[in-house]
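Asks: Dropping the structure in here first, questions after.
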Amino acid sequence: MCGIVGFFAKQGDAQAEIGRTILGMLRALGCRGPDSAGVALFGAPDDNRFIVRVKLGESGGVESKAAQLAVHFPGVHGFSATAAYARFAVNGSTDLTRLSAAIEALDKDFEVVSIGHRLEIVKQTGSPDNLENTYGISRLKGTHALGHTRLSTESRVDLSHSQPFWSHGFPDLAIVHNGHITNYHQLRRRYEQRGVRFYTENDSEVVAIYLAGQLQEGGSLKDALERMLRDLDGSYSCLVATGGEFGFVKDPFALKPLVMTETDQFVAVATEEIAIRSALPGKYSVREAQVKEVRVWQR
Amino acid sequence: MAEIACAGRAAREINAEIRRAIAAGEREVVVKDPGARHNIAVGILDPVTIRILGSVGYFCGGLIDGPRIEIDESAGWGLAESMMNGEIVVHGSVGNGAAAAIRGGTVVIHGDAAARLGVSIKGGTVVVAGNCGYMAGFMGQKGRIVVCGDAGDAFADSMYETVCFVGREIAGLGTDAVVEQPSADEITWLDFTLAQHLPGSERCGADFKKVVAGRKLWNFDKREWKVWQEAL
Chain A
1 MCGIVGFFAK QGDAQAEIGR TILGMLRALG CRGPDSAGVA LFGAPDDNRF IVRVKLGESG
61 GVESKAAQLA VHFPGVHGFS ATAAYARFAV NGSTDLTRLS AAIEALDKDF EVVSIGHRLE
121 IVKQTGSPDN LENTYGISRL KGTHALGHTR LSTESRVDLS HSQPFWSHGF PDLAIVHNGH
181 ITNYHQLRRR YEQRGVRFYT ENDSEVVAIY LAGQLQEGGS LKDALERMLR DLDGSYSCLV
241 ATGGEFGFVK DPFALKPLVM TETDQFVAVA TEEIAIRSAL PGKYSVREAQ VKEVRVWQR
Chain B
1001 MAEIACAGRA AREINAEIRR AIAAGEREVV VKDPGARHNI AVGILDPVTI RILGSVGYFC
1061 GGLIDGPRIE IDESAGWGLA ESMMNGEIVV HGSVGNGAAA AIRGGTVVIH GDAAARLGVS
1121 IKGGTVVVAG NCGYMAGFMG QKGRIVVCGD AGDAFADSMY ETVCFVGREI AGLGTDAVVE
1181 QPSADEITWL DFTLAQHLPG SERCGADFKK VVAGRKLWNF DKREWKVWQE AL
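If you're matching them up, the sequences are chains A and B in order. In terms of our numbering, the first sequence opens at residue 1 and continues consecutively. In terms of our numbering, the second sequence opens at residue 1001 and continues consecutively.
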């Protein structure tokens, strides 16, 4: 199953209560994905720095690893460690590929989970309530957010295999996916031949890698999602967000649910309407996305 | 009239209360704040009216035989699935597989329908005021599907004796689907059906295209191998 949710504030500064909203939506879909829960939150923009979030280990007992990381990167700003993650900021002109490689070379458990001017990914095994209790995601404000509750079908249950996925090396790009990419192995082989590293055996990871590749070639996000309909087989409802854009795509057989609503203030998209209704009071209409539908919003 | 509030309650409790109200002799039940919950009013077998003030989730009104269910806003996947008789009216839009495998009764959708509307329909009537999505009518065996707006791709694929009517454009016909002119009787039926279920609609039965099975897939004939290659 899996549940995916997304919220996009169309107006205002980066002070929308995206953490609270996305948590409310995720809680309603907890039953669709009891294995893990995660969010991708887009806060206030600041092009002068990147926020780096690093997985130190799968769970607890990682204080010494946090200290090890802090010692190796003394120039970073605002270093903090909470549960399984370290978080810090680096200069906005940093070479992200080199930085990630340097961090991940320190310890086999280290994985850079997200880097962006605005993006922060927080995910772990367990329920949305666990995620809130550990990281207090409801406090976070910003402009837009994605969320995912996972029911694993083909790959292991741990933090790295949870969603949202960041496309390693490409700042501020996050995806959540519900479904199966059936030509995953073929695509993965092709990317690996080109030197792309996969961090997990989760087929959803290839969606993030695919979209980053498309965006690197210079196309728009809408073009990339439309090409995805041609290049990725299987069942998928996907939400994708960058620093300033938010969109979705539904597969060519409409095999997975996805509903949306749009008002003057916001766009909300979710696997089930119950997620939208339980987090966002007010009068609006909700509809199912049609087959092959691609939508992108910008701010 | 019985009023049932949904806030803070599970679908099982809400459904039990609907059934208790009907058993106590109520002919009209109003369900408030459904919040898009799943499985509301499934398997109701009495000729009562159930008004749902809001949106419902999956499988609303499945397996019913007799009631009239009116939904103020939208409905999720599997609306009215396998219903035997009765009427379901949705004022918003519906998710995938609405009216799948119904055997009788009427489903009226004032908004749009998503994919697989009325697949494997075995009787009854489906009326959509807006558009319908991908693969509507797939493998329909009997019954009628009326779409006042546009129909999506793979429309009326691999059907038996279901008859579909489309008021505007068809994005693409499914395998073995054939467009015909409706007969005078069918135009009269369309005018009557539109007047009954979509009063105020200015659509006219004569504007509709009729889509039926070309019957090429009903019996295997090796001389028609190409048709089968495309279908399978």
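Yeah, the Cβ is synthetic: ideal placement off N, Cα and C, and Gly gets one too. Note that the coordinates shown come from a computational prediction; the quantities given were computed from them, not determined experimentally.
List the residues of chain A that B:Gly1137 touches, going by C-beta distances under 7 Å, in chain order.
Replies: Chain A residues near B:Gly1137: none, gap ~15 Å exceeds 7 Å.
Asks: If we define contact as Cβ-Cβ less than 8 Å, is B:Tyr1160 a contact residue for chain A?
Replies: Not an interface residue.
Asks: Could you please tell me which residues of the stretch 256–287 of chain A, in chain order, have their CB closer than 8 Å to any CB of chain B?
Replies: Within the stretch 256–287 of chain A, the residues whose Cβ lies closer than 8 Å to some Cβ of chain B are Pro257, Val259, Glu272, Glu273, Ile274, Ile276, Arg277, Ser278, Ser285, Val286, Arg287, listed in chain order.
Asks: Considering only their Cβ atoms, is the gap separating B:Ser1055 from B:Gly1092 smaller than 8 Å?
Replies: It is a contact, given that the beta carbons lie within the stated cut-off.
Asks: In the DSSP assignment, find the beta strand (DSSP E) that holds A:Ser36 and state where it starts and stops.
Replies: Counting along the chain, the beta strand (DSSP E) containing A:Ser36 begins and ends at 36–42.
Asks: Express the C-alpha separation of B:Gly1035 and A:Ala145 in angstroms, rounding to a whole number.
Replies: Using only the alpha carbons, I get a separation of about 22 Å.
Asks: Are the CB atoms of A:His161 and A:Thr200 nearer to each other than 8 Å?
Replies: Against a cut-off of 8 Å, the Cβ pair of A:Thr200 and A:His161 comes out as a contact.
Asks: Measuring from the CB of A:Ala14, is there a heavy atom of the ligand FMN at a distance below 7 Å?
Replies: This structure does not include the ligand FMN; it has no bound ligands of any sort.
Asks: Sort A:Pro257, A:Gly243, A:Ala224, A:Cys31 by Cα distance to A:Ser235 and report the nearest one.
Replies: Answer by Cα proximity: A:Pro257.
Asks: What are the start and end residues of the alpha helix (DSSP H) that includes B:Glu1230?
Replies: From DSSP, the alpha helix (DSSP H) with B:Glu1230 extends over 1225–1231.
Asks: Applying a beta-carbon distance threshold of less than 8 Å, which residues of chain B neighbour A:Val294?
Replies: Going along chain B, no residue has its Cβ under 8 Å from A:Val294, so there is no contact; the nearest lies around 14 Å.
Asks: Give a yes or no on whether 8 Å exceeds the smallest Cβ distance from A:Val5 to chain B.
Replies: No, no contact with chain B.
Asks: Check for me: the alpha helix (DSSP H) holding A:Tyr236 runs from which residue to which?
Replies: Looking at the DSSP string, A:Tyr236 is not in any alpha helix (DSSP H); the run it does join, the beta strand (DSSP E), is 234–241.
Asks: Consult DSSP for B:Ser1093 and reduce its assignment to one of helix, strand or coil.
Replies: Three-state result, B:Ser1093: coil.
Asks: If you compare alpha carbons, which of A:Ser278, A:Ala289, A:Ala279, A:Gly33 is closest to A:Phe248?
Replies: Selected option, being the one with the closest Cα: A:Ala289.
Asks: If you draw a straight line from the C-alpha of A:Gly179 to the C-alpha of A:Ala37, how long is it?
Replies: About 16 Å.
Asks: Relative to chain A, which residues along the stretch 1074–1095 of chain B have a C-beta separation below 8 Å, given in chain order?
Replies: So the list reads Ser1074, Gly1076, Trp1077, Gly1092, Ser1093, Val1094, Gly1095, given in the order they occur along the chain.
Asks: On the DSSP letters alone, give me the boundaries of the alpha helix (DSSP H) that A:His72 sits inside.
Replies: Element bounds for A:His72: 63–72.
Asks: Please work out which residues of its chain come closer than 6 Å, Cβ to Cβ, to B:Val1126, disregarding the five sequence neighbours upstream and downstream, and give them in chain order.
Replies: So the list reads Ala1099, Val1107, Gly1118, Ile1145, once near-sequence residues are dropped.
Asks: Under 7 Å between beta-carbons, which chain A residues line up against B:Gly1133? List them in chain order, please.
Replies: Those are Ala254, Gln290, Val291, listed as they occur along chain A.
Asks: Short of 8 Å Cβ to Cβ, which residues in the stretch 1032–1049 of chain B face chain A?
Replies: Those would be Gly1035, Ala1036, Arg1037, His1038, in chain order.
Asks: So who's on the other strand from A:His180, going by DSSP bridges?
Replies: Note: A:His180 sits in a beta bridge opposite A:Ser235.
Asks: In angstroms, rounded to a whole number, what distance separates the CA positions of A:Gly282 and B:Ile1069?
Replies: Computed Cα separation, rounded: 24 Å.
Asks: By how many angstroms is the C-alpha of A:Lys10 removed from the C-alpha of A:Gly142?
Replies: Distance between the alpha carbons of A:Gly142 and A:Lys10: 11 Å.
Asks: When burial is assigned at 16 or more other CB atoms within 10 Å of the CB, is B:Leu1232 buried or exposed?
Replies: With fewer than 16 Cβ atoms within 10 Å of its Cβ, B:Leu1232 is classed as exposed.
Asks: Taking DSSP as the reference, what is the three-state secondary structure of A:Lys256?
Replies: Coil at A:Lys256, not helix or strand.
Asks: Let me confirm a value: B:Cys1204 is counted as buried when at least 16 other C-beta atoms fall within 10 Å, else exposed. Which label applies?
Replies: Under this definition B:Cys1204 is an exposed residue.
Asks: What span of residues does the alpha helix (DSSP H) with B:Phe1192 cover, start to end?
Replies: Where B:Phe1192 is concerned, the enclosing alpha helix (DSSP H) stretches over 1184–1197.
Asks: Tell whether a beta-carbon distance below 8 Å holds between A:His117 and A:Gly92.
Replies: Yes, the Cβ-Cβ distance between A:His117 and A:Gly92 is below 8 Å.
Asks: Report the three-state DSSP secondary structure of A:Glu273 (helix, strand or coil).
Replies: Three-state result, A:Glu273: helix.
Asks: What whole-angstrom Cβ distance do B:Ile1018 and B:Ile1064 have, given they're in contact under 8 Å?
Replies: Contact flag wrong, Cβ pair sits at about 11 Å.
Asks: In whole angstroms, what separates the C-alpha of A:Ala44 from that of A:Glu120?
Replies: One C-alpha to the other measures close to 11 Å.
Asks: In three-state DSSP terms, what is A:Lys222?
Replies: Looking at A:Lys222 - three-state DSSP - the assignment turns out to be helix.
Asks: Only counting the same chain, and skipping five residues up and downstream in sequence, which positions put a Cβ closer than 6 Å to that of B:Gln1181?
Replies: None.
Asks: What does the alpha-carbon distance come out to for the pair A:Gly75 and A:Arg139?
Replies: Cα-Cα distance, rounded: 27 Å.
Asks: Output needed for A:Val112: all residues of its chain with C-beta closer than 6 Å, excluding positions within five of it in sequence on either side, in chain order.
Replies: Closer than 6 Å at Cβ, skipping near neighbours: Val54, Ser100, Ile103.
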